[in-house]
DNA sequence: TAGTGGTCTAGACCACTTT
DNA sequence: AAGTGGTCTAGACCACTAG
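Protein chains in written order, with our numbering: chain H, 223 to 460; chain P, 223 to 460.
Here it is, written out as structure tokens:
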């Protein structure tokens with residue numbers, strides 16, 4: 223119970239309260255003492271307690287309402303964080319050799335579903351890049367990407383011959399809104415060919431849509447052979 | 223540029239700084255003015271600026287180091303948050319009819335890989351539950367779960383006849399550590415039978431390991447027909 | 001060693017919502 | 001009407017680390 227002086231006080235309070243929740247001393251729906259009382263109990267300022275409780279609420283452990291007070295939240299199912307590193311780093315982290323291969327890079331009129339996803343005219347020209355990412359001598363990921371050169375004119379000058387568009391975009395486009403979709407799909411004939419697999423092979427597919435200043439900038443479909451890649455949630459620290 | 227008075231001041235500061243990052247006024251690696259200067263610029267207390275910058279750093283936009291100052295972070299690839307609701311809520315949200323079906327529920331000695339994942343003796347008895355979750359007349363998810371009745375004795379008395387173990391565990395086990403793995407796999411013969419699909423069909427597989435007070439409580443393998451289920455990241459709000 | 005962020009305090013006022 | 005959380009201030013001291 224004694225406080226570790228090398229630890230900020232608000233973290234101490236946070237930990238103590240989390241222990242009470244996890245041990246069951248404070249069960250689901252239980253009313254937590256108000257900030258003023260906890261401040262007195264811990265012998266600290268109310269703001270210190272406030273920060274501890276606010277962070278616990280942000281993490282989903284508590285629910286807070288003015289006047290009604292603070293209660294232990296009902297549900298633990300709060301989603302989870304997946305980390306996705308750049309594909310070359312992912313391969314490197316496995317101790318394997320990464321290789322990039324450009325398949326095609328053409329300016330083309332976007333097919334209707336892509337154009338509508340970008341909210342641009344159906345006939346507009348965009349940059350279409352198809353490439354492969356190898357891990358040793360296996361194809362680790364195929365990438366099929368449309369880039370809105372209207373939003374990012376500089377992309378039109380990039381050859382993407384020796385490095386993939388992902389890397390260039392990360393280094394050159396300011397922070398943005400990203401949406402991900404994860405699905406399991408069967409490889410079609412074209413995908414099977416690119417991945418050097420049989421058609422029907424299960425693929426882990428990541429669809430990533432990136433926007434900047436309210437405009438869609440790029441849509442990428444990334445396919446991995448199912449047996450080569452697994453998404454793992456961050457270990458959680460408290 | 224004028225401040226919306228209904229918005230907390232620290233959020234206003236946060237938004238202003240985020241705009242400077244997103245517009246490129248502050249590029250990758252650029253040095254952000256120190257808290258004292260920003261406090262003067264915005265005409266507020268340093269703590270108010272501090273909170274805004276701290277939250278931006280927590281969200282990955284800034285990197286802060288004492289003495290060295292605050293800089294715009296280099297990389298946008300910061301992972302993403304997936305939300306997973308309970309399977310019955312997921313089906314309900316689609317406007318379809320949910321049905322639960324228990325397949326088997328037996329006390330059994332865990333196979334070695336499961337036992338070692340739980341860190342318990344190889345011969346120990348655990349509860350093994352297999353069930354199906356239907357969406358209208360299709361199997362939406364199969365669930366194959368091992369429960370450590372040593373850690374959660376009350377689970378041994380649950381029949382799980384009319385509701386799945388997931389729901390009971392959420393309602394009865396205090397907050398816990400959870401680890402997720404997402405993979406695309408081909409249906410084996412047993413999975414194909416349970417899902418009423420052909421063997422080799424692509425499945426989106428979620429493996430969820432839940433711990434409580436440092437002990438593993440339950441491991442579940444959840445399989446979805448690939449075409450029925452897609453994981454989607456939260457839309458991001460700033 | 002000086003400048004930066006990190007934490008903490010005591011007090012204040014406000015916003016919200018239950019009673 | 002009153003009690004709760006949410007924000008804000010002015011000031012302080014400390015921890016870290018680049019110069």
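Where is the CB? At the ideal position from N, CA and C, for every residue including glycine.
List the whole-angstrom C-beta distance separating residue 309(H) from residue 363(H), where the pair is believed to meet the contact cut-off of C-beta under 8 Å. 5 Å
Just mark residue 427(P) as buried or exposed, buried being the case when its beta carbon has 16 or more other beta carbons within 10 Å. buried
Could you compute how far the alpha carbon of residue 264(H) sits from the alpha carbon of residue 365(P)? 45 Å
Under 8 Å Cβ to Cβ from residue 395(H), same chain only, skipping five residues before and after it: list those, please. 374, 432, 434, 439
For residue 238(H), name the three-state secondary structure that DSSP assigns. helix
Proximal residues of chain H, C-beta to C-beta of residue 435(P) below 7 Å: 244
Heavy atom of the ligand PLP less than 7 Å from the Cβ of residue 333(P), yes or no? No copy of the ligand PLP occurs in the structure displayed, which carries no ligand at all.
In whole angstroms, give me the CA-to-CA distance for residue 413(P) and residue 415(H). 27 Å
Applying the 10 Å Cβ sphere with the 16-neighbour rule, what's the burial state of residue 325(P)? exposed
Interface positions of the region 303 to 334 of chain P facing chain H (Cβ-Cβ less than 7 Å), listed along the chain: 303, 304, 305, 306, 307, 308
Using a Cβ-Cβ cut-off of 8 Å (strictly less than) and excluding sequence neighbours within five positions of residue 382(H), which residues of its own chain qualify? 324, 327, 351, 353, 390
Give every residue of the same chain whose Cβ lies closer than 6 Å to the Cβ of residue 437(H), excluding the five residues on either side of it in the sequence, and list them in chain order. 373
Could you name the residues of the same chain whose beta carbon sits closer than 7 Å to that of residue 410(P), not counting the 5 residues immediately before and after it, in chain order? 421
Please determine, among 348(H), 236(H), 425(H), 268(H), the residue with the shortest C-alpha to C-alpha distance to residue 280(H). 236(H)
Cross-chain neighbours of residue 442(H) in chain P, by beta carbon under 8 Å: Residues of chain P passing the Cβ test: none, with the nearest at roughly 12 Å.
Hey, which unbroken runs of the alpha helix (DSSP H) at 4 residues or more fall wholly within the region 381 to 419 of chain P? 387 to 394, 411 to 417
Members of the region 261 to 275 of chain P near chain H, C-beta cut-off 7 Å: none
Looking at C-alpha atoms only, which residue of 301(P), 259(P), 226(P), 268(P) is the closest neighbour of residue 515(H)? Missing from the structure shown is residue 515(H); chain H here goes from 223 to 460 and no further.
In chain order, what residues of the same chain have a beta carbon less than 8 Å from the beta carbon of residue 226(H), not counting five sequence neighbours either side? 234
Cβ closer than 9 Å: which chain P residues qualify as neighbours of residue 374(H)? Chain P residues near residue 374(H): none, gap ~12 Å exceeds 9 Å.
Spatial neighbours of residue 288(H) within its chain, please: CB distance less than 8 Å, with the 5 preceding and 5 following residues excluded, ordered by chain position. none
Contact defined as beta carbons within less than 8 Å: I believe residue 246(P) pairs with residue 296(P). What is the distance between those atoms, to the nearest angstrom? Actually they are not in contact, since the Cβ atoms of residue 246(P) and residue 296(P) sit about 14 Å apart, beyond 8 Å.
Apart from the five residues just before and just after residue 460(H), which ones in its own chain have a Cβ nearer than 7 Å to its Cβ? Low local confidence applies: a pLDDT of 43 at residue 460(H) is under 50, so the model's placement there is unreliable, and no value is given.
So what's residue 258(P) in DSSP terms, helix, strand or just coil? helix
Can you tell me whether residue 271(P) is buried or exposed? The criterion is at least 16 other CB atoms within 10 Å of its CB, across all chains shown. buried
With which residues is residue 441(P) paired in a DSSP beta bridge? 368(P), 431(P)
Can you tell me where the beta strand (DSSP E) holding residue 314(H) begins and where it ends? Run containing residue 314(H): none in the beta strand (DSSP E); it sits in the alpha helix (DSSP H), 309 to 315.
Run down chain P in chain order and give the residues with a C-beta less than 7 Å from the C-beta of residue 396(H). 243, 244, 246
Cross-strand partners of residue 447(H) (DSSP beta bridge): 425(H)
Under 8 Å (Cβ pairs) to chain P, residues found in the region 407 to 435 of chain H: 407, 408, 422, 423, 424, 425, 426, 427, 434, 435
Distance, residue 330(H) Cα to residue 316(H) Cα: 36 Å
Buried or exposed: residue 360(P), going by 16 or more other Cβ atoms within 10 Å of its Cβ? exposed
Considering just the uninterrupted stretch of the beta strand (DSSP E) at residue 326(H), what are its terminal residues? 320 to 331
Within-8 Å CB hit, residue 235(H) to chain P: no
So what does DSSP say about residue 281(P), is it helix, strand or coil? coil
Quick one, which of 244(H), 303(H), 262(H) has its alpha-carbon nearest residue 278(H)'s? 244(H)
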